[in-house]
Structure formats: C-alpha cells, structure tokens
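In what follows, a single structure is set out as structure tokens and then discussed.
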C-alpha cells in the first residue's frame, strides 16, 4: 500500500499543540494593512485554535 500523503497547503498552515489541539493563524494580516486599524492588526497577530466545527476536516487534511 502507498503512504497517505498530507495536504501540503495544510502542512504549512496548521500545527499541533502539546494537548492535541490544532493551531492556526488569522487571515487578513498579509497586505492592504494601511486601512486597518492598529487594534485590528494587533488582534490578528495572535494565533488561534481551529474551531470544533472544522476540526474533522483539518485532521483529515493532516492525516491525524
């Protein structure tokens, strides 16, 4: 049997925490930053966790 490959896009975007949760970065932080407020940009800096609704899909992409 061939090995099951991880989706390479998901591999770059998600990482596992020590307790098994999946970390993600916020969107809207890469360009067109001049019209966004400082508070908005600051709050997008911190990493978040994948919601429980999306957890199964992300785990399937990462083959966890």
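Residue numbers (our numbering): 4 to 67.
From the three backbone atoms N, C-alpha and C, an ideal C-beta is built for every residue, glycine too.
The model shown is predicted, which means the values in this text are computed figures rather than measured ones.
Quick test of your reading: residue i and residue j, contact by CB under 8 Å. State the CB separation rounded to the nearest angstrom.
i, j, result
"residue 20", "residue 26", "6 Å"
"residue 9", "residue 46", "With a Cβ gap of about 30 Å, residue 9 and residue 46 do not count as contacting."
"residue 36", "residue 44", "6 Å"
If you compare alpha carbons, which of the options is closest to residue i?
i, options, result
"residue 58", "36, 17, 33 and 45", "17"
"residue 123", "13, 5 and 4", "In the structure as shown, the chain begins at 4 and stops at 67. Residue 123 is therefore absent and cannot be evaluated."
With which residues is residue i paired in a DSSP beta bridge?
i, result
"residue 52", "26"
Secondary structure, alpha helix (DSSP H): runs of 4+ residues fully inside the region 10 to 50: 11 to 16 and 41 to 48
Three-pair Cβ contact test at 8 Å for the region 47 to 57 versus the region 29 to 37: yes
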